[in-house]
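Beneath this line is the structure, given in structure tokens, with notes to follow.
Chains as they are written, first to last, in my numbering: chain X, 6 to 111; chain F, 355 to 527.
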């Protein structure tokens with residue numbers, strides 16, 4: 006078994022970085038006191054949006070164009086992987102006064 | 355200032371015929387009682403809808419009301435316990451309760467779509483009334499900042515329910 010020297014680890018890390026395609030990101034939106042924050046987020050196709058619900062109430066993030074519908078129970082989180090580019094407005098089905106927007110670039 | 359004050363008085367009068375003495379601000383224990391009562395009454399209305407309605411959208415809405423108001427009232431109870439505030443019954447709470455029982459008796463006589471429509475219309479009107487009272491009287495009168503903050507969240511919640519009820523009302527017609 007070869008010892009994993011610091012140099013060797015760094016070398017492996019560089020290889021991983023160079024060979025992997027652009028890393029998909031997870032963008033968090035917090036739900037607190039019936040507010041989506043930030044109200045608008047920017048993302049790329051392949052990224053994930055994660056809604057972290059801090060309320061004691063259930064909420065949804067429902068795309069107005071019907072693309073996705075994420076239900077988050079009280080103190081839970083829910084996520085969606087963005088499959089196509091475009092700006093998507095969304096709202097909470099239970100509390101339609103809660104609104105947000107995800108802008109997805111290719 | 356005068357317009358704001360009279361708007362508050364009007365809202366309270368709408369909320370309850372024999373409202374609090376004119377000009378008297380409700381105390382925190384009274385506010386806590388009114389807010390809790392408003393939630394409980396909406397839960398009871400929803401339970402009646404769940405017994406009587408067969409409409410999927412109406413039933414979903416009613417389930418949402420039970421779930422949300424149960425959750426918020428649980429928070430409210432935890433807060434009053436923490437603050438050592440004892441909710442105090444008052445004329446506004448009593449008037450709300452009386453109005454709600456009268457409405458329940460009226461709705462009990464209806465069936466099918468007539469019931470669905472009457473329930474949802476009343477949900478719109480009820481949430482509107484409570485929102486008015488929260489905005490003009492209860493929130494400005496609350497002394498404790500945590501109580502005020504919970505009421506502000508309550509207002510957003512009731513506004514959300516009002517919009518939700520308005521959407522359901524369009525579909526039920």
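Think of the CB as a built atom: it goes at the ideal place given N, C-alpha and C, for glycine as much as any other residue.
* To do: Let me know the alpha helix (DSSP H) ranges lying completely inside the region 368-435 of chain F, each 4 residues or longer, listed in chain order.
  => 382-406
* Asked: If we ignore side chains and look at the alpha-carbon of each, how far apart do residue 379/F and residue 494/F end up?
  -> 9 Å
* To do: Could you check if residue 431/F is buried or exposed, using at least 16 other CB atoms within 10 Å of its CB as the buried criterion?
  => exposed
* Asked: Less than 8 Å separating the beta-carbons of residue 474/F and residue 526/F?
  -> Yes, the Cβ-Cβ distance between residue 474/F and residue 526/F is below 8 Å.
* To do: Could you name the residues of chain F that residue 59/X contacts, counting a contact when the two beta carbons are closer than 9 Å?
  => Near residue 59/X there are no residues of chain F at all, since even the closest Cβ is about 11 Å away, more than 9 Å.
* Should the region 46-56 of chain X be called in touch with the region 77-86 of chain X, which here means at least 3 C-beta pairs below 8 Å? -> yes
* With which residues is residue 47/X paired in a DSSP beta bridge? -> 108/X
* **Cutoff 6 Å; reference residue 104/X; Cβ partners in own chain excluding five residues on either side** => 96
* To do: Return the residues of the region 37-68 of chain X that lie within a Cβ-Cβ distance of less than 7 Å from chain F, sorted by chain order.
  => 38, 39, 61, 62, 63
* To do: Output the boundary residues of the beta strand (DSSP E) element that contains residue 82/X.
  => 82-86
* Under 8 Å, do residue 50/X and residue 106/X count as touching if we go by C-beta distance? -> no
* **Whole runs of the alpha helix (DSSP H) within the region 492-522 of chain F, excluding any shorter than 4 residues** => Within the region 492-522 of chain F, complete alpha helix (DSSP H) segments of at least 4 residues are not found at all.
* Is residue 388/F near the ligand SAM, judged by its Cβ being under 7 Å from some heavy atom? -> Judged by which ligands are present, the structure shown has none, so any question about the ligand SAM falls away.
* Asked: Straight-line CA distance for residue 489/F to residue 28/X?
  -> 47 Å
* Name the two residues that bound the continuous beta strand (DSSP E) containing residue 33/X. => 31-37
* Looking at the structure shown, is residue 442/F part of a helix, part of a strand, or coil, going by DSSP? -> coil
* Asked: By Cβ distance, which residues of its chain are closer than 7 Å to residue 457/F, with the 5 residues on each side in sequence left out?
  -> 476
* Asked: Closer than 8 Å, CB to CB, is residue 425/F near chain X or not?
  -> yes
* **Near-chain X residues of the region 406-434 of chain F (beta-carbon distance less than 8 Å), N- to C-terminal order** => Of all residues in the region 406-434 of chain F, only 418, 421, 422, 425, 426, 428, 429 come within less than 8 Å of chain X when Cβ atoms are compared, listed by chain position.
* Asked: Under a three-way DSSP split, which group does residue 99/X fall into?
  -> coil
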